[in-house]
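Residue numbers are given in our numbering: position 560 of the first sequence equals residue 541, and the series is strictly consecutive. We put the CB at the ideal spot given by N, CA and C, even for glycine. Here the structure is a predicted model, which is why all the values come from computation and not from measurement. Down below is the structure, laid out as structure tokens.
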Amino acid sequence: MSTEGLNETPATPETAPSNFIRDIIIQDNKTGKHGGRVHTRFPPEPNGYLHIGHAKSICLNFGLAKEFGGKCNLRFDDTNPSKEETEYVDSIINDVRWLGFDWEDRLFYASDYFEQLYQWAIQLIKQGQAYVCDLTAEQVRETRGTTTEPGTESPYRNRSIEENLDLFQRMRAGEFPDGSRTLRSKIDMASPNFNMRDPVMYRILRAEHHRTGNDWLIYPMYDYTHGECDSIEGITHSICTLEFEDHRPLYDWYVESLGIHRPQQIEFDRLNLTNTMLSKRKLLLLVQKGYVSGWDDPRMPTLSGIRRRGYTPEALRAFCGSIGVSKTNGTIEFPLLEHHIREDLNARAARVMAVVDPIKVIIDNYPDGQTEELEAANHPDKPEMGMRQVPFSKVLYIERDDFREVPPPKYYRLFPGQEVRLRYAYFIKCVSVVKDANGEVTEVHCTYDPASRGGNSPDGRKVKSTIHWVSAEHALTFEARLYESLLLEDAPQSDDIATQLNPTSLVVKANAKIEPSVKGAAPNTHFQFERVGYFNVDLDSTDEKLVCNRTVQLKDTWAKIAKK
RNA sequence: UGGGAGAUCGUUCAACGGUAGGACAGCAGACUCUGACUCUGCUUAUCGGGGUUCGAAUCCCUGUCUCCCAGCCA
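Laid out in structure tokens, this is it:
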């Protein structure tokens, strides 16, 4: 059986209300501000893997472009070679594509523009708006001033244009050691906005760049780079997160000073999720310190992690559409994400019976050695997904949690004297139990009602509960990986990640049992294990050993009742 | 105690001077061969104080609280 190639279900933007950025675009189109054009971009730095926070930005940028008949570029903001790697570039390309977006032939790199940026820097020098500064990093910091005091001007601020041109050219040529000089913009050391206090445009940095190799010894800073890249690409709306609000005056200063196309920077709030780390720096730490198996560990909030966990692009897009866009600094509750993956998988995932924590059930009055095939629906609401045969025999496994020797109040499942239905099979009644030396129940003995074959009794008798099962003889043994949040609930925010980790974020059930129909299912096939949760086949699966990840549990009303 | 940006149900997004609405969560019920799904119902909000107005979440003033900014990171 296979659910390969789950049908594409369209994201539902029409269910999402408008947002302030959409309103700005509508207004701009009305006034003809950008000639009715909409051109956005998603500009990650290739210094880590994309996470679900990036998904919000991706959906926003590509989504807006699509909605307004515009374009969206993918551009790598690769101006700091010391942190960037090709591995990250590749993963980002893969992840954006997986999410379902297409930049066509518009894949760019800030490094594509290094020469142009250099020429523009010369222009600013010639315009008297940039100068080479010999101050050390520490001196620059000391002279920057404070929130209440203005900074002091660099003694090198008034060098002649000729000297600046010469020095800058020699910076590029490699005549000076790393960190010894910078090119700075000549703006206003007394500005209340620190970004305007003669910001650094270029630093000397001998580091191999993942694309330009050792061609450059000087690298442009983000602020000097971003607006110009947007400008070159004809970006109309440059959408970024809130922390860049203070940078907007500088963004504008560069494109205006250069006299080039001026895109419009708009800031929105970055995604925060309860109980979830969404900082590249901390995620890198988790990987480096080995707290997770890698960037694609299914507990990671990276796109590669949640993909491996079994989240679908459709669910992610629906989630991103549902959370809205604003400037409020909020935190989305994780259950909203879970709602969207359940909604998607409920509609599409094939049903299957699997027992994660097995306990043996023996049907005393069932003939020894007999096997029969029972018919089961692959999806309760989708007959077109077909039926399958599930083998039944005398010895079965059921979920340990579906049997209690002493039932708590409102417990509908199996206990001595109680009759339940085995899904698609028979009514069974518990008659006795066998225990080991420790008093643990090892076997539950039942009798079945042959007249109830298929799951209904001709006498109209009702049972309170239907439970899932597998035939011991026919079941496949598999490894179920049960995930919980990587972080402890209410973990205090701190850099000491170790103390915040949930010790049960991964529980491996090596002896889980599943019906034989799943044999050979391809990696990342999604299933609903009935009454347990949504699972997908993990990459670690082999022909000999099936490994499944629990994507998310089914909602569990019983768990709530039991708690009370 | 400088500058920038915010504040609407528990959470989040809407309402753009004219009935405060949706989603998630929660609660109660119906249905059910998944205690799932689905369906029904319910609870709960305009940060405080002033003003303008026939009418204010929306405009004005004022106070409070939260977030961001002093990398040669992005």
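Counting C-beta neighbours from all protein chains within 10 Å, is the total for S141 16 or more, i.e. buried, or is it exposed?
Label assigned to S141: exposed.
Can you check which of these residues, D196, N359, E65 and V376, is closest to M368 by C-alpha distance?
Taking only the C-alpha atoms, the option nearest M368 is N359.
Nearest candidate by alpha-carbon position, reference P180, set D196, V113, C210 and D524
Per the Cα distances, V113.
If the criterion is Cβ atoms closer than 8 Å, does the pair D59 and E96 meet it?
At least 8 Å separates the beta-carbon of D59 from that of E96.
Please determine, among D430, G291, E496 and E85, the residue with the shortest C-alpha to C-alpha distance to L457.
Minimum Cα distance to L457 is reached at E496.
Residues that DSSP places opposite T447 in a beta bridge:
According to DSSP, which records beta bridges pairwise, T447 is partnered with R402.
Those runs of the beta strand (DSSP E) which lie wholly inside the stretch 126 to 169 and span at least 3 residues
Scanning the stretch 126 to 169 for uninterrupted beta strand (DSSP E) segments of 3 residues or longer gives 163 to 166, listed from N- to C-terminal end.
Taking the alpha-carbon of H191 as reference, which of I448, K541, F508 and D93 has the nearest alpha-carbon?
When each option's Cα is compared against that of H191, the closest is D93.
Could you check where the beta strand (DSSP E) with F510 kicks off and where it finishes?
Per DSSP, the unbroken beta strand (DSSP E) holding F510 starts and ends at H507 to F510.
Beta strand (DSSP E) containing G514: first to last residue?
Looking at the DSSP string, the run of the beta strand (DSSP E) that includes G514 is G514 to V518.
Would you kindly check if the distance between the Cβ of E424 and the Cβ of V414 is under 8 Å?
Yes. Within cutoff.
I'd like to confirm the pairing. Which residues does DSSP put opposite Q370 in its beta bridges?
BP columns for Q370 point to E356.
For G305, tell me which candidate among C40, G29 and Q104 has the shortest Cα-Cα distance.
Considering only C40, G29 and Q104, the residue with the shortest C-alpha distance to G305 is C40.
Closest by C-alpha distance to D76, when choosing among H207, N139, E144 and R298
Checked all of H207, N139, E144 and R298; the closest Cα to D76 is R298.
Could you compute how far the alpha carbon of C529 sits from the alpha carbon of P504?
Going from the Cα of C529 to the Cα of P504 covers about 9 Å.
Leaving out the 5 sequence neighbours to the left and right, which residues in its chain are closer than 8 Å to D325 when beta-carbon positions are compared?
So the list reads T(-10), T293, E295, A296 and A299, once near-sequence residues are dropped.
Can you give the beta carbon distance from K410 to E400, rounded, assuming they're within the 8 Å contact cut?
About 4 Å separates the two Cβ atoms, so the contact holds.
In angstroms with no decimal places, state the Cα-to-Cα distance between Y405 and N0.
Distance between the alpha carbons of Y405 and N0 is about 48 Å.
Tell me the rounded alpha-carbon separation between D159 and K47.
Between D159 and K47, the C-alpha separation is close to 44 Å.
What is the rounded straight-line gap between the Cα of S72 and the Cα of D278?
Taking the Cα positions, S72 is about 14 Å away from D278.
State yes or no: is the C-beta of L259 within less than 8 Å of the C-beta of L267?
No, Cβ-Cβ distance for L259 and L267 is not below 8 Å.
Can you tell me the Cα-Cα spacing of G291 and L469, whole angstroms?
In this structure, the alpha-carbon of G291 lies about 22 Å from that of L469.
Which value, in whole angstroms, describes the spacing of the CA atoms of A102 and P62?
Cα-Cα distance, rounded: 20 Å.
Can T506 be considered in contact with the ligand MN, in the sense that its beta carbon sits closer than 7 Å to one or more heavy atoms?
Ligands are entirely absent from the displayed structure, and the ligand MN is therefore not among its contents.
Suppose you measure from the CA of V337 to the CA of R385; what does that come to, to the nearest Å?
Each residue's alpha carbon lies about 17 Å from the other.
Using the C-alpha atoms, what's the distance from R122 back to H242?
If I take the Cα positions, the gap works out to 32 Å.
Simplified DSSP assignment, three categories, for I213:
Correct three-state label for I213: helix.
Touch test, the stretch 501 to 515 against the stretch 474 to 490, Cβ-Cβ under 8 Å, three pairs minimum:
The stretch 501 to 515, when compared against the stretch 474 to 490, does not touch it at the 8 Å Cβ threshold.
Go through its chain and collect everything with a Cβ distance to S374's Cβ below 6 Å, but skip five positions before and after it.
Excluding residues within five positions, the ones whose Cβ falls inside 6 Å are T352, S452 and E454.
Hey, would you say R18 sits closer than 8 Å to G44, going by beta carbons?
Contact flag unset, no.
Quick one: is T(-7) buried, meaning 16 or more other Cβ sit within 10 Å of its Cβ, or exposed?
Caution is warranted here: a pLDDT of 35 is assigned to T(-7), below 50, making its placement in the model unreliable, and the coordinate value is therefore given only provisionally. T(-7) comes out exposed.
Beta bridge counterpart(s) of S219 as assigned by DSSP
Answer is Q246.
Would you report the Cα separation of V444 and G436, rounded to the nearest angstrom?
Approximately 10 Å, taken between the alpha carbons.
Inter-residue CB distance, Y235 and G208 (contact presumed, cutoff 8 Å)
Confirmed, about 5 Å.
Between which residues of its own chain and N310 is the CB-CB distance below 8 Å, once the five residues before and five after are set aside?
Cβ contact annotation for N310 (same chain, cutoff 8 Å, sequence separation greater than five): L223, D250 and N253, in chain order.
In the stretch 4 to 90, which residue ranges form an unbroken beta strand (DSSP E) of at least 3 residues, counting only runs that do not cross its ends?
20 to 23, 52 to 57 and 88 to 90, all fully within the stretch 4 to 90.
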